[in-house]
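Asker:
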Amino acid sequence: MEAQSVPAALELVAGGGAGLSPERRAALGASLPLLQRDYRFERVWFWGCVQGVRGAYYIAEGLGPDRAAPRSRLYSLNCVDWSLLTPASREMLALAEQVKGRFQGDPSFEYNLAEINPEAAASLIQSGKEPVMKEEARLTATIELIDRAVGIVPRGAFVKTPLGTVHENRHFEGLSLAEAKKLSSYFHFTDPVNLKNKTLLEKADLDPSTDFLDSLEHDIPRGSWSIQLEKAGTVVVLRSLLWLGLTFYHVPMTKQFGYVYFGTGEKNLDLPFMLPIISTGQWVEDLYVYYTGREMVPPFSYRMDNQFQTIPGRNHITGMEDYEQFICRGKNKPVQVIKDVNTVLIQE
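Going by the numbering used here, the first residue of the sequence shown is number 3, and it counts up by one from there.
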């Protein structure tokens, strides 16, 4: 969220129970403008807070003219004194995903890589380095992982120029209330992944200046976002169930939007087991079949020689001997799943 709008924005996301004390708010209000001046940032965002066992890390991000360029990240233990974080490397991201447990709240705390990843520890020893990972490195990697996974913006809030740079859309006046309640109206503010896999026919309906990011509607697992209306229906709030503590807000028909994180920095690995599995005869929203994270949508297909082919008018899939788990959701229809050795039949 914008540094200037922190007090008002925290009131909009306070429904989740997280926030800052008046002392911390006052300290941020004084230190963030100085941070922007000293580091010559064009904008400063207050990213949030990572709670540790013995302390908390308050995070700020500095942005340049290109909003999609890598951001400078800083942390503070008291919202007054800020320290610059080094960018996360691929190795740091991979190791941070393997570290389990709470942050300690001490940037100099060291994790023993021999207990986390023996192979990585052995390679560091061979190169003459100590097989440890400082909590400061884990912190910057965790921030990067959260931004990539759940850092979101409304559709149309940013535009991509013909030169490839991304800027704020000065003509953006906010989403309508109907649009704001749809996941398809929000984009991941990071390099697109699913957009590259779209066909030319699908890309024909997209505006290259605004639809250059991945939409939330195809996030896996489905159900990892919670959309709610708060403040008497005047504020739309999205909460991530994958990274608990990430809250996004948007006031429809205005330019007010942003996200903030108040959590422990731990990914919710139990989310697939927390989402409801629809049983026979229940009325649900969408009809999907999942297999190892991949999604098949109606009209269903059957597999032959490792290829999926469409069967018009038939909602069944054959060759399913390798399929172990099915999550079926039907749109305003009772759904029944029958599984034998080779066939899964979905009866409407």
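Glycine included, C-beta positions come from ideal geometry on N, C-alpha and C.
When you compare each of Arg104, Leu97, Val46, Gly54 to Leu76 by their alpha carbons, which one comes out closest?
Answerer: Translated into the one-based positions of the sequence shown, residue 76 becomes position 74. Comparing Cα positions, the closest option is Val46.
Asker: Just to confirm my understanding: we take Val101, look at its own chain, exclude 5 residues before and 5 after, and list those with CB closer than 8 Å. What are they?
Answerer: What you label residue 101 is simply residue 99 of the sequence shown in a count that begins at 1. Contacts found: Tyr113, Ile118, Met135, Arg140.
Asker: Starting from the N-terminal side, write out each stretch of the alpha helix (DSSP H) that is 4 residues or longer and does not extend beyond the segment 155 to 185.
Answerer: With a minimum length of 4 residues, the continuous alpha helix (DSSP H) runs that stay inside the segment 155 to 185 are 179 to 182.
Asker: The alpha helix (DSSP H) spanning Val152 covers which residue range?
Answerer: Mapped onto the sequence shown, residue 152 falls at position 150. Element bounds for Val152: 137 to 152.
Asker: Tell me whether the beta-carbon of Arg104 lies closer than 8 Å to the beta-carbon of Val152.
Answerer: As a first step, residue 104 must be located in the sequence shown, where it is residue number 102. As a first step, residue 152 must be located in the sequence shown, where it is residue number 150. Taking 8 Å as the Cβ cut-off, Arg104 and Val152 do not qualify as a contacting pair.
Asker: Starting from the N-terminal side, write out each stretch of the beta strand (DSSP E) that is 3 residues or longer and does not extend beyond the segment 47 to 117.
Answerer: DSSP runs (the beta strand (DSSP E)) wholly in the segment 47 to 117: 58 to 65, 74 to 78, 84 to 86, 112 to 114.
Asker: Whole beta strand (DSSP E) runs in the segment 221 to 251 with 3 or more residues, listed along the chain?
Answerer: The segment 221 to 251 contains these whole beta strand (DSSP E) runs: 227 to 232, 237 to 242.
Asker: Only counting the same chain, and skipping five residues up and downstream in sequence, which positions put a Cβ closer than 6 Å to that of Leu177?
Answerer: What you label residue 177 is simply residue 175 of the sequence shown in a count that begins at 1. Around Leu177: Pro156, Ser187, Pro254.
Asker: Tell me where the alpha helix (DSSP H) around Phe275 begins and ends.
Answerer: As a working note, residue 275 is residue 273 in the sequence shown. Per DSSP, Phe275 belongs to the alpha helix (DSSP H) from 273 to 276.
Asker: Is Leu147 near Ala122, with beta carbons less than 8 Å apart?
Answerer: One-based indexing of the sequence shown puts residue 147 at position 145. One-based indexing of the sequence shown puts residue 122 at position 120. No, the Cβ-Cβ distance between Leu147 and Ala122 is not below 8 Å.
Asker: Cα-Cα, which of Ala29, Leu273, Leu179 is closest to Gly235?
Answerer: Start at 1 with the first residue of the sequence shown, and residue 235 comes out as number 233. Residue Leu179 is the option with its Cα nearest to Gly235.
Asker: When burial is assigned at 16 or more other CB atoms within 10 Å of the CB, is His252 buried or exposed?
Answerer: For the purposes of this step, residue 252 is identified with residue 250 of the sequence shown, where counting begins at 1. The residue in question, His252, is buried, as its Cβ has 16 or more Cβ neighbours within 10 Å.
Asker: If contacts are defined as beta-carbon pairs under 8 Å, then Gly247 and Tyr261 qualify, I think. What distance do you get, rounded to the angstrom?
Answerer: Counting from one through the sequence shown, the residue named residue 247 turns up at place 245. Counting from one through the sequence shown, the residue named residue 261 turns up at place 259. With 8 Å as the limit, Gly247 and Tyr261 do not qualify as a contact, their Cβ atoms being about 11 Å apart.
Asker: What are the partner residues of Glu4, as DSSP defines its beta bridges?
Answerer: Taking the sequence shown and counting its residues from 1, the one referred to as residue 4 is at position 2. In the DSSP output, where bridge partners are listed per residue, Glu4 has Trp47.
Asker: Note down the Cα distance separating Leu34 from Ser23, rounded to an integer number of angstroms.
Answerer: Your numbering for residue 34 matches position 32 in the sequence shown. Your numbering for residue 23 matches position 21 in the sequence shown. If you take the alpha carbons of Leu34 and Ser23, they lie about 16 Å apart.
Asker: Buried or exposed: which applies to Ser91, given that a residue is buried once 16 or more other Cβ atoms fall within 10 Å of its Cβ?
Answerer: For this step, residue 91 is matched to residue 89 along the sequence shown. Exposed.
Asker: Could you name the residues of the same chain whose beta carbon sits closer than 7 Å to that of Arg69, not counting the 5 residues immediately before and after it, in chain order?
Answerer: Counted from its first residue, the sequence shown places residue 69 at position 67. Within the same chain, Arg69 has close Cβ partners Phe160, Val168, His169, Glu170.
Asker: Beta carbon of Ser31, beta carbon of Gly107: below 8 Å?
Answerer: By one-based count along the sequence shown, residue 31 stands at place 29. By one-based count along the sequence shown, residue 107 stands at place 105. Here the sequence assigns Gly to residue 31, which means Ser is not the residue at that position. No, these two residues do not count as a Cβ contact at 8 Å.
Asker: Residues in the same chain with beta-carbon distance under 7 Å from Gly50, minus the five sequence neighbours each way, listed in chain order, please.
Answerer: The residue labelled residue 50 in the question sits at position 48 within the sequence shown. Here the set comprises Ile61, Val262, Tyr263, Phe264.
Asker: Here's a check: name, in chain order, each residue in its chain whose Cβ is nearer than 6 Å to the Cβ of Gly18, leaving out the five neighbours to either side.
Answerer: As a first step, residue 18 must be located in the sequence shown, where it is residue number 16. These residues qualify, in order along the chain: Thr249.
Asker: Which residue comes first and which comes last in the beta strand (DSSP E) that contains Gly265?
Answerer: Position 263 of the sequence shown, counting from 1, holds the residue named residue 265. Segment 259 to 265, the beta strand (DSSP E) holding Gly265.
Asker: What does the Cβ neighbour count give for Ser242, buried or exposed, with the cut at 16 atoms within 10 Å?
Answerer: The sequence position of residue 242 within the sequence shown is 240, counting from 1. So Ser242 ends up on the buried side.
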